[in-house]
Amino acid sequence: MSIINLKDKNLYYIGGVVRDELLDRKSFDIDITYVGNAIEFAKTIPDAEIIQINEPFGTVRIKLAGQEIDIASTRCETYPQKGHLPVVGDIGCSLKEDILRRDFTINALAKSTLTGEIIDYTGGIDDIKTKTLKVLHDNSFIDDPTRIVRGLKFSVRFGFEFDEHTKKLQDNYLSNINYDMSYKRLKKELVETFNLNSWTAFEKFVNEGIYKLIAPCNFTLPEVNIENLITKYKPEILWIIYVGLLPDISNLPLTKQEKKIVDDFHSLIGKSTNSDFEIYKNFEGVNLESIIMFATVNPEIVKHYLDNLRNIKIEITGKDLQEIGIPPSSKYSEIFDYVLKEKLKNPALTKAQEIEIAKKYL
Ligand code: ATP
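Residue 202 in our numbering is what sits at position 99 of the sequence shown, and the numbering runs on without skipping anything.
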């Protein structure tokens with residue numbers, strides 16, 4: 104664990120950072136909690152510069168010896184509106200209360216910055232040893248259904264499984280979903296989960312009915328596993344390739360680009376693919392993500408396009424056509440298509456040969 108330059112009997116590393124240290128994994132976020140009011144505490148640290156304060160949440164960012172450190176106050180949370188952001192209750196509550204608002208026992212650990220002692224009220228250390236994901240109470244998924252997707256994320260990332268009771272709570276929730284939830288938070292967890300590019304995760308997501316959190320629809324797992332295609336062709340936005348296969352994701356707040364990827368995928372379905380020219384034209388200018396999604400419908404054609412056709416480009420331009428005496432007109436695109444058809448048959452054609460083909464067309 105990267106250590107902060109600050110020790111205090113009331114200051115604890117908390118959550119994922121403690122879990123990651125026990126798993127011997129690098130942590131990207133270092134969460135630190137002060138038992139009491141972190142803002143007041145920050146003001147008493149000699150040589151610390153206070154950079155930012157968030158009064159309602161009781162959090163503070165300081166700079167100390169060149170290091171920026173975020174410190175949260177211990178706080179309780181309640182979920183008056185199930186499935187939405189919790190409401191912050193008592194700031195400066197006990198460490199135990201702060202821990203008990205968390206999602207899984209493996210994330211409910213704290214480590215003293217002063218002594219290094221690990222505080223484990225919920226059996227998280229044992230659950231890490233047995234690779235088990237357990238919620239802290241029976242209403243956990245009702246309060247916050249995004250925890251179901253977080254569970255999926257941790258199961259992929261660490262190879263952990265829900266214990267029987269937690270799985271039952273998941274099944275119960277999924278058979279009675281409250282769709283009035285924060286889809287922004289759900290999306291964040293879906294992004295983090297499916298950016299891991301795991302077909303196994305997608306299998307679980309579909310077969311266990313977790314996908315129904317997005318919308319009440321029916322979906323069965325596609326027969327074609329696209330994980331290797333994603334690894335091989337390295338598209339930019341991974342998560343949408345998986346989640347975008349569902350029939351209805353309109354509840355999720357998508358970016359323009361993500362929306363286009365899904366729309367392009369849908370418009371590929373049903374297009375005729377009888378020749379290399381048709382395949383080329385269908386995929387030309389379409390996002391790589393949409394093309395890989397289409398592999399769930401027709402993997403052979405996608406592989407053929409990506410391996411053999413995608414990089415074929417005609418060299419002839421409108422300027423060349425003008426130089427051989429053809430005035431600009433709508434005929435140009437017919438000529439280019441004609442040349443392209445020939446080039447797809449023989450990718451080694453030179454530009455001079457392309458010009459000859461254009462003349463022949465005329
Ligand atoms: P990651 O490595 O993906 O960042 P993390 O466990 O550190 O995983 P964060 O999202 O950074 O996850 O959250 C930090 C801590 O806050 C978690 O370890 C957990 O204790 C708590 N937490 C996060 N999300 C929830 C949630 N939806 N419900 C309850 N506790 C949560």
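Note that beta-carbon positions come from the ideal geometry of N, C-alpha and C, so glycine has one too.
Residue i (DSSP reduced to helix, strand or coil)
i, result
"ALA461", "helix"
"GLU445", "helix"
"SER436", "helix"
"ASN300", "coil"
"VAL138", "coil"
"PHE265", "strand"
"LEU293", "helix"
"LYS157", "Before going further, note that residue 157 is Asn rather than Lys in the sequence given. Looking at ASN157 - three-state DSSP - the assignment turns out to be strand."
"ASP111", "coil"
"VAL309", "helix"
"ASP247", "coil"
"GLN170", "strand"
"ARG178", "strand"
"THR216", "coil"
"ARG164", "strand"
"GLU152", "strand"
"ASP366", "helix"
"TYR224", "coil"
Buried or exposed (CB count within 10 angstroms, at least 16 for buried), residue i
i, result
"GLN155", "exposed"
"SER432", "exposed"
"PHE131", "exposed"
"VAL190", "exposed"
"LYS290", "buried"
"ILE329", "buried"
"TYR276", "buried"
"ALA151", "buried"
"GLY118", "buried"
"GLN360", "exposed"
"TYR282", "exposed"
"THR376", "buried"
"SER436", "exposed"
"ILE153", "exposed"
Nearest-angstrom Cβ-Cβ length linking residue i and residue j, presumed shorter than 8 Å
i, j, result
"ASN390", "ASP367", "6 Å"
"PHE207", "LEU236", "5 Å"
"ASP229", "LEU212", "The pair is not a contact, with the Cβ atoms about 11 Å apart (cut-off 8 Å)."
"TYR441", "ILE415", "At roughly 15 Å, the Cβ-Cβ gap does not stay under 8 Å, so TYR441 and ILE415 are not in contact."
"LEU443", "PHE386", "That belief does not hold up - the Cβ atoms of LEU443 and PHE386 are roughly 13 Å apart, past 8 Å."
"GLY219", "THR177", "Not a contact, Cβ separation roughly 19 Å."
"ILE172", "ILE135", "6 Å"
"GLN273", "ILE251", "6 Å"
"LEU332", "ALA398", "6 Å"
"TYR383", "LEU447", "6 Å"
"ILE343", "GLU311", "In fact, because the Cβ distance is near 21 Å, the residues do not count as touching under 8 Å."
"ILE133", "TYR116", "7 Å"
C-alpha distance - residue i paired with residue j, whole-angstrom precision
i, j, result
"LYS110", "VAL121", "16 Å"
"GLU457", "PRO248", "59 Å"
"GLY192", "PHE160", "9 Å"
"ARG253", "LYS307", "13 Å"
"GLU180", "ASN242", "14 Å"
"PRO350", "PHE305", "15 Å"
"LYS422", "VAL327", "44 Å"
"GLN184", "GLU200", "20 Å"
"ILE419", "LYS335", "31 Å"
"GLY347", "PHE322", "12 Å"
"HIS369", "VAL309", "19 Å"
"GLY226", "ARG205", "13 Å"
"LYS234", "LEU167", "37 Å"
"ILE427", "VAL405", "37 Å"
"ARG128", "ILE231", "13 Å"
"ASN354", "PHE263", "29 Å"
"CYS196", "LEU203", "11 Å"
"PRO319", "GLU158", "39 Å"
"THR162", "ALA145", "10 Å"
"PRO450", "PHE265", "53 Å"
"ILE194", "PRO149", "23 Å"
"TYR182", "TRP302", "33 Å"
Option in the options with minimal Cα separation from residue i
i, options, result
"ARG260", "GLY347, LYS454, LEU126, VAL405", "LEU126"
"ASP123", "ASN210, ILE343, ASN298", "ASN210"
"LEU293", "SER278, ASP150, LEU316", "LEU316"
"MET396", "LEU239, GLU459, PRO325", "PRO325"
"ILE174", "GLU143, LYS335, LEU465", "GLU143"
"GLU295", "GLY428, SER378, THR162, LYS256", "LYS256"
"PRO356", "VAL163, VAL400, LYS287", "LYS287"
"SER215", "GLY312, LYS232, ASN113", "ASN113"
"GLY373", "VAL400, SER393, TYR383", "VAL400"
"HIS268", "ASN300, HIS240, SER278", "HIS240"
"GLU445", "ILE427, LEU412, ILE429", "LEU412"
"ASN279", "GLY195, ILE313, PHE265", "ILE313"
"LEU424", "ALA451, LEU452, GLU403, LYS462", "LYS462"
"LYS454", "THR303, ILE352, GLU437, ILE417", "ILE417"
"LEU299", "ILE438, ALA451, GLU339", "GLU339"
Distance cut-off 7 Å: residue i Cβ against heavy atoms of ligand 3
i, result
"ASN157", "Ligands present in the displayed structure are limited to ligand 1, and ligand 3 is not among them."
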